[in-house]
Amino acid sequence: MLMLSCKSSTLRVLVVDDHELTRLTLQLALSCQQNIQVVGLATNGQEAVDLVKRHQPDVIVLDLQMPVMDGWTASDRIKAIAPETQIIAYSSVEDANGKDATQPGNWDVFCKKDVPTKELVALVRQLGSRITQ
20 MLMLSCKSST LRVLVVDDHE LTRLTLQLAL SCQQNIQVVG LATNGQEAVD LVKRHQPDVI
80 VLDLQMPVMD GWTASDRIKA IAPETQIIAY SSVEDANGKD ATQPGNWDVF CKKDVPTKEL
140 VALVRQLGSR ITQ
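Set out below in structure tokens:
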């Protein structure tokens, strides 16, 4: 029996940030890119976990400091249910692992919020290409 896999070349991205302007700006910047679809917006880590179960994004842009559930906890829960999902820790904190030495983050790459949009988009694409390989 011949089985074919037709994985879409469109990257599914989830944006998670408690600041509305940041969320909406990231949504706009990413949605304008060819082959990138923003499949959801979340305001905290718990919403992110729920949306990962529902939409199975390829890449998540995840703020670290949020109410309800922070990015450290959310990244652990997301990787437990979707280990292939690539997570960008997107934060203004200087040392992402400095929150608590016993609680390093479970993400694939750290990106400071002051990065140029072009670089963030390139990073999303780079991580997304890991999924399609």
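If you count the sequence shown from 1, you need to add 19 to reach my numbering. Built from N, CA and C at the ideal position, the CB exists for glycine as well.
Check	Outcome
Neighbourhood of Leu66 by C-beta, 6 Å cutoff - its chain only, sequence neighbours within 5 removed	Position check: residue 66 holds Glu in this sequence, whereas Leu was assumed. Correct list: empty, nothing qualifies.
Option in Gln84, Leu45 and Val35 with minimal Cα separation from Glu138	Leu45
Local conformation of Ala101 per DSSP, three classes	coil
Cβ-based neighbour list, Asp36, same chain, cut-off 6 Å, excluding 5 preceding and 5 following	Arg42 and Asp82
DSSP three-state assignment for Leu45, whether helix, strand or coil	helix
Spatial neighbours of Asp133 in its chain, beta-carbon cut-off 8 Å, leaving aside the 5 residues before and after	Ser111
Three-way DSSP call (helix, strand, coil) for Val128 in this model	strand
For Val195, the three-state DSSP class (helix, strand or coil)	Residue 195 lies beyond the range of the chain shown here (20 to 152); nothing can be said about it.
Close Cβ partners of Pro86 (< 7 Å) along its chain, the five nearest in sequence each way excluded	Asp37 and Asn63
Close-in-space but distant-in-sequence residues of the same chain around Val57 (CB under 7 Å, 5 per side omitted)	Val32, Val34, Gln46, Leu49 and Ser50
Segment limits, alpha helix (DSSP H) that includes Val68	Gly64 to His74
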